[in-house]
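Peer 1: So that we are looking at the same thing, I have put the structure below in structure tokens.
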Amino acid sequence: MYQFSASTGCFYPDELLPAYRDNHSLPADLMAVGEEVFFEFTGIPPEGKQRGGGPDGKPAWVDVPPLTKGQLTALAAAEKEQYRIEAEDIISPLARAEKYGIATSEELRSLERWEKYSVLLNRINPNDAPDITWPEKPKR
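The numbering used here runs 691 ahead of the 1-based position in the sequence shown.
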């Protein structure tokens, strides 16, 4: 048997309740639920939903809240860094080939495209998320 808390959106196995009590981490709004309910709401949620408490305190699929500005900014910063690393991994050997005068004409064109992309990428401000227009990545 399990207990469900609408305030935390979590299930608590009956056999672990004493440990939660001892640690003063047991919510006050527990409601007994059977295994069928437990398995239904610990599976993969429907698209755009997450487990939460319904108006009656029972488990329910509720809408996923929109991302906060801080979360959007953090995601954009991580995406920018991923693109930057990819660009630099491509630029580095091309730049060395140019430095030593052994770059082919195609390598020089590729270097120019990737360096321009890198500059445009550097101008992206993650704080502008979600209104970011990412530069088009050059072909490899």
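All C-beta atoms, glycine included, are put in the ideal place defined by N, C-alpha and C. Keep in mind that this is a model prediction, so the values were computed, not measured.
Taking only three categories from DSSP, how would you classify S698?
Peer 2: Reduced to three states, the DSSP call for S698 is coil.
Peer 1: Quick check on P704: buried or exposed, where buried means 16 or more other Cβ atoms within 10 Å of its Cβ?
Peer 2: When all chains shown are included, P704 counts as exposed.
Peer 1: Look up Q762 in the DSSP assignment and give the residues it is bridged to.
Peer 2: None, per the DSSP bridge assignment.
Peer 1: How would you call A697, buried or exposed, if buried means at least 16 neighbouring beta carbons within 10 angstroms?
Peer 2: Classification for A697: buried.
Peer 1: When the Cα atoms are used, what is the spatial distance from G739 to E772?
Peer 2: In a straight line, the C-alpha of G739 is about 27 Å away from that of E772.
Peer 1: When you compare only the Cα positions, how much space is there between R712 and G734?
Peer 2: The straight-line gap from Cα to Cα measures roughly 27 Å.
Peer 1: Report the CB separation of K720 from G700 in whole angstroms; it is logged as a contact under 8 Å.
Peer 2: Per the sequence shown, residue 720 should be read as Asp rather than Lys. 11 Å between Cβ atoms; not a contact.
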